[in-house]
Structures are given as C-alpha cells and as structure tokens.
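**Student:**
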Amino acid sequence: MELVYTHPSHLVVAQARHALERLAIPCVVHNEYAAGAAGELAPIDTWPELWVTRSRDAERARLAIERAQAAIEEADWRCPRCASESPATFEFCWHCGQGRSGG
Ligand SMILES: [Zn+2]
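Each residue of the sequence shown is one higher than the one before, starting from 712 at the first, in the working numbering.
1) With a threshold of 16 other CB atoms inside 10 Å of the CB of Tyr716, please say whether the residue is buried or exposed.
2) Report the residue from Glu743, Arg789, Gln726 and Trp758 whose alpha carbon sits nearest the alpha carbon of Phe801.
3) Locate the beta strand (DSSP E) running through His806, then write down its first and last residues.
4) Can the beta-carbon of Ala669 be found less than 7 Å from the beta-carbon of Leu722?
5) Is it the case that the CB of Gln809 approaches a heavy atom of ligand 1 more closely than 6 Å?
6) Can Arg792 and Gln809 be called in contact, C-beta distance under 7 Å?
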C-alpha cells in the first residue's frame, strides 16, 4: 500500500481514483466519508487519501493523477442529458451522473 494522493475535497479524490481505475490500477480511498456533505472540506488530518494497493504502481498512479489535474485547464463540457457544465476532468455529470460520452 502506498499513498499517492490526498485532497480536502472527497470529490476531487474520487476523480483521481477514477483516473487510476481507468488504467486498472488497484486503489482504495481512506477517510472517504470523513468530510460531510458534498463540497465540504475536511480538516487536514482527515483528508480523503488515495492509496494504491501495490507500491510498484505508485509512480504510474501519481503521473496519471498529475495528468488528470492538468486537464482541469481544459474547457468544461456540457451534459447531454441535463445541460449542466462539468469540469473537463469529470467523467460523469456532477449534476445528474450522466456519462460524458452519453453512456
Ligand atoms: Zn447532467
């Protein structure tokens, strides 16, 4: 087990985890429910933490997360179902959960 990412927003950590899952990198989130409702920030000692289960994946995982974070600079995309705009890093609509590509 190795810690590869932490952030006060569990939504951001969830996006990082999704980036790893797309690469089939086994990972788990600790303190996932430490924060309250969506959007609330946790105290620093209870930030959600993203861990890879195999330490050998850590470097690849950090790189993937770094790229996912860099993609924040990309334009937002508009949900095909509810027309809400989501950040480029989000694979699913923040509002209704619709997949970015329509599925
Ligand atoms: Zn939507």
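For each residue, glycine too, the CB sits at the ideal point set by N, CA and C. Because the structure is a prediction, the values reported are computed rather than measured.
**Tutor:** In short, the structure shows the following:
1) buried
2) When the alpha-carbon of Phe801 is set against those of Glu743, Arg789, Gln726 and Trp758, the nearest one is in Gln726.
3) Following the DSSP letters along the chain, one finds His806 in no beta strand (DSSP E), marked with neither H nor E.
4) Not covered by the structure: residue 669. The range shown for the chain is 712 to 814.
5) yes
6) yes
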